[in-house]
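Peer 1: Okay, here's the structure, questions in a sec.
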Amino acid sequence: MIRKLVWAVAAAVLALTGTTGASATAASEPADNLTPGPYQHALDPLVGTWQAIKTNYVLSPDGQPIVSKDITVRTRWIAKTSGRFLEEETEGTLGGNKYFRVGVLGFSNIDRRYEWTTFDNVTPTSMTYRGPALTHGTSKISMPGQFTDPGILGPDYLGKTIPMRTVITIRSNEQHTFDLYFTPPGQKERLVDRVVYTRKTR
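Count the sequence shown with mature numbering (1 follows the signal peptide of the UniProt record, and there is no 0) and you get residues -22 to -1, 1 to 180, in order.
What follows is the structure, given as structure tokens:
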């Protein structure tokens, strides 16, 4: 009963202030660390079926970007996690080869950060990202991580630890982007992959 009252008050505050998920503050957060709140709800615009255009800058043998326009992405809340985690499933082609990726995105209430992990058929390792602790909502989610290069960047980097960063920019309910950056040893951070999502269905 108390929890329902807390949420009712929070809803009233949101209605009066016009605050939405992406900019919600602590005033609208749940009363405990276990309940999904505004940081999870801020991900709602990502849910749906998307036509994705993927531009990759590292996988082509001739150094030219690989552009894939036949990628379909389906993103949903994982029902059995009670609104805690999103699952993204991606299928299409990349450089003439079949491409598949599954990712799980969520927000840790206790760490106050977004967390993103992906598995695909290109690299033999998971890619895991952990964002910084947040004090307010944002429509641009930046999450750093690192991985051991299996040879993606060339033989000189095989087996080396590569810092990376994913940036999710929620532009509207109809479009968002995922940008992936690598920082090879001794080099500046550079964009290696960009995916532009345009809604097909919700």
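Built from N, CA and C at the ideal position, the CB exists for glycine as well. Remember, it's a predicted structure, so these values are computed and weren't measured experimentally.
From T101 to P128, what does the alpha carbon distance come to, in whole angstroms?
Peer 2: Residue mapping note: residue 101 aligns to position 123 of the sequence shown, counting from 1. Residue mapping note: residue 128 aligns to position 150 of the sequence shown, counting from 1. Computed Cα separation, rounded: 7 Å.
Peer 1: Please report the straight-line C-alpha distance between T13 and I88, rounded to a whole angstrom.
Peer 2: The count along the sequence shown starts at 1 and reaches residue 13 at position 35. The count along the sequence shown starts at 1 and reaches residue 88 at position 110. Near 11 Å, if we compare the C-alpha coordinates of I88 and T13.
Peer 1: Are the CB atoms of T155 and T161 within a distance shorter than 7 Å?
Peer 2: The residue labelled residue 161 in the question sits at position 183 within the sequence shown. The residue labelled residue 155 in the question sits at position 177 within the sequence shown. Their beta carbons are not under 7 Å apart, which means T161 does not touch T155 by this criterion.
Peer 1: If we count Cβ pairs, one from each stretch, closer than 8 Å, do we get three or more for the region 51 to 58 versus the region 115 to 122?
Peer 2: No: the two stretches stay apart, fewer than three of their Cβ pairs being nearer than 8 Å.
Peer 1: Helix, strand or coil for Y17, going by three-state DSSP, please let me know.
Peer 2: In the sequence shown, residue 17 corresponds to position 39, counting from 1. Note: Y17 maps to helix in three-state DSSP.
Peer 1: By how many angstroms is the C-alpha of I31 removed from the C-alpha of Y77?
Peer 2: Position 99 of the sequence shown, counted from the first residue, corresponds to residue 77. Position 53 of the sequence shown, counted from the first residue, corresponds to residue 31. Taking the straight line from one Cα to the other gives about 13 Å.
Peer 1: Are there 16 or more other CB atoms within 10 angstroms of the CB of A66, so buried, or fewer, so exposed?
Peer 2: If you number the sequence shown from 1, residue 66 lands on position 88. According to the sequence provided, residue 66 is Glu. The question's Ala does not apply to it. The residue in question, E66, is buried, as its Cβ has 16 or more Cβ neighbours within 10 Å.
Peer 1: Check whether the Cβ atoms of R180 and G26 sit closer than 7 Å, and answer yes or no.
Peer 2: Mapped onto the sequence shown, residue 180 falls at position 202. Mapped onto the sequence shown, residue 26 falls at position 48. Contact flag set, yes.
Peer 1: By Cβ distance below 8 Å, which residues in the same chain neighbour L37 in space, the five residues on each side in sequence not counted?
Peer 2: Locating residue 37 in the sequence shown gives position 59, where the first residue counts as 1. If we look at L37 and ignore the five residues flanking it on each side, its Cβ neighbours are I44, L72, G73, V100, I130.
Peer 1: So, R90 versus L112, is the Cβ gap smaller than 7 Å?
Peer 2: Translated into the one-based positions of the sequence shown, residue 90 becomes position 112. Translated into the one-based positions of the sequence shown, residue 112 becomes position 134. Contact flag set, yes.
Peer 1: Which residue wins for smallest C-alpha separation from D22, given the options V174, W94, G84, T50?
Peer 2: Numbered from 1 along the sequence shown, position 44 holds the residue referred to as residue 22. Ranking V174, W94, G84, T50 by Cα distance to D22 puts G84 first.
Peer 1: Could you name each continuous beta strand (DSSP E) segment of 3 residues or more that falls completely within the region 98 to 162, going from the start of the chain to the end?
Peer 2: DSSP runs (the beta strand (DSSP E)) wholly in the region 98 to 162: 105 to 108, 118 to 126, 139 to 148, 153 to 160.
Peer 1: Go to K58, then tell me how far its beta strand (DSSP E) extends in each direction, as first and last residue.
Peer 2: In the sequence shown, the residue the question calls residue 58 occupies position 80. Premise fails: K58 is in no beta strand (DSSP E) and is neither H nor E.
Peer 1: Within this structure, are the beta carbons of F97 and S104 separated by less than 7 Å?
Peer 2: What you label residue 97 is simply residue 119 of the sequence shown in a count that begins at 1. What you label residue 104 is simply residue 126 of the sequence shown in a count that begins at 1. Yes.
Peer 1: I need the DSSP call for residue 183, collapsed to helix, strand or coil.
Peer 2: In the structure displayed, the chain extends from -22 to 180; residue 183 sits before or after that span and is not available.
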